[in-house]
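Trainee:
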Amino acid sequence: MFIAAAIVVASGRSTPVDSWTTYLVFLAIITFSTIVNIWGNSILGPWSNFALYWSILSVVIISIVLLSMSEKTSAEFVFTTFNNETGWSDGMAWLLGLLQSALSLIGFDAVLHMTEEMPNPHLDAPLAIVYAIGVGGSTGLIFILVILFCLTDVNKVVSSPTGQPLIALFDQATNSRAASTIISCMLGLCFIHGTNGSITTTSRLIYSMARDNGFFFSRYFNHINPKLEVPVRTIIFTYIFNVLFGALYLGPTVAFNAFIASCTILLNISYAFPIFVLVIRGRGILAPHQHPHTPWKLGNLWGYLVNWTACLYVSVTSVLFCFPPSLHVTGNTMNYVSVVIAICCLAIAIYWIARGKTFEGPVSFLSLVCWPKHDANWWLRTSKPLWRKEKR
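Counting from 1 along the sequence shown, just add 13 to a position and that's the residue number in this note's numbering.
(1) Classify M347 as helix, strand or coil using the three-state DSSP reduction.
(2) When the Cα atoms are used, what is the spatial distance from L154 to T247?
(3) Counting C-beta neighbours from all protein chains within 10 Å, is the total for N345 16 or more, i.e. buried, or is it exposed?
(4) Let me know if N96 comes out buried or exposed under the rule of 16 or more other beta-carbons within 10 Å of its beta-carbon.
(5) Specify, as a first and last residue, the run of the alpha helix (DSSP H) that G201 falls within.
(6) Could you compute how far the alpha carbon of I16 sits from the alpha carbon of L37?
(7) What does the alpha-carbon distance come out to for the pair S32 and M82?
(8) Count Cβ pairs between the stretch 323-339 and the stretch 264-284 that sit closer than 8 Å; are there 3 or more?
(9) Using a Cβ distance threshold of 8 Å, determine whether the stretch 184-199 contacts the stretch 49-65, with at least three qualifying pairs required.
(10) Would you mind listing the alpha helix (DSSP H) stretches within the stretch 229-301 that are 4+ residues and don't spill past its ends, in chain order?
(11) Is S339 near T99, with beta carbons less than 7 Å apart?
(12) Would you call I75 buried or exposed, if buried means 16 or more other Cβ atoms sit within 10 Å of its Cβ?
(13) If contacts are defined as beta-carbon pairs under 8 Å, then I69 and T152 qualify, I think. What distance do you get, rounded to the angstrom?
(14) With C-beta atoms as the reference, is S173 less than 7 Å away from A186?
(15) Under 8 Å Cβ to Cβ from A268, same chain only, skipping five residues before and after it: list those, please.
(16) Does DSSP put V382 in a helix, a strand or coil?
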């Protein structure tokens, strides 16, 4: 959408890009990322590093440009003004506004899908999750403050022909089509990086489920291309699913928005399930699975505090995010997230009935086809993928 909005700004059009153009841009990006995941496995690591630096650099550059070229609002407007046009009370409107913030907190589990290809997963995987929250939270806070200080005309930004208020803000702040187009493309490239990473992690997740006989057509998807050393079949499956799912954008806007909003709720619920089980059964069940020198431990006090906070957060937000954003509800403004969640729950129930008894559980021991004659800790240090399951 950012790239489509950049097209509007660059061309000076007074109308937003139609949905078909946006969908074609989406297809181009998803196709490019799929090709890279299949034939460019060796560059995925360096690309991820570049994506991190690019994201931070983009925030710094955009912030400097906006602060240097835009007129400024007052600190009173930024920190004390509350503009509520939803019809809900101020408190309820604030809670419903947490949806976008919650969206930025999902997806940090992606690193867990890549642990079999990490040199030191017991150290690096938890560290990557902490870094993701720390870097994302700090840069996000800075960026939001910059945006608010440069938001001089709210109505003009909201009613912009780009269809993207943020892009309209760039155009308003810089008063330059070239500058706002470049900034929009910088953000668009960040989303391309995210798309590439999403395909990588999703394909690994599907592969691991198929390897453990927990996915439909497991024998077919439990396959690693011997030449490319990647699960090509699950990558292609991910591509096809995204192409079909993206086609929802061509239909009613309310349906597409419902599916997008449901991602936040469903992912949060998926995170809460193991946490809830841990709280109910007690954190002592972790002890048999932990090494005496496990580097990441919360202990019982902090562990239970964090666990209960997480369960409470997910319980409250999962209900709130099903409410319509405006109290004046019509057929086009109604929030149909609850319908999407109900459909997903039904699909999950059918899936569990069909595949629940065939799932073999997480793999506890992995090796390469030709296990090298190294010491017992070799698998923690190798950077090669660990693909084949070994029976104990």
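Backbone N, C-alpha and C fix where the C-beta goes; we use that ideal spot for every residue, glycine too.
All of these numbers come straight from a predicted model, not from anything done at the bench.
Mentor: Here's the rundown:
(1) coil
(2) 36 Å
(3) exposed
(4) exposed
(5) 190-224
(6) 11 Å
(7) 32 Å
(8) yes
(9) no
(10) 231-234, 245-259, 266-294
(11) yes
(12) buried
(13) 6 Å
(14) no
(15) L261, Y349
(16) In this prediction, V382 scores a pLDDT of 41, lower than 50, which makes its location untrustworthy; no coordinate-derived value is stated.
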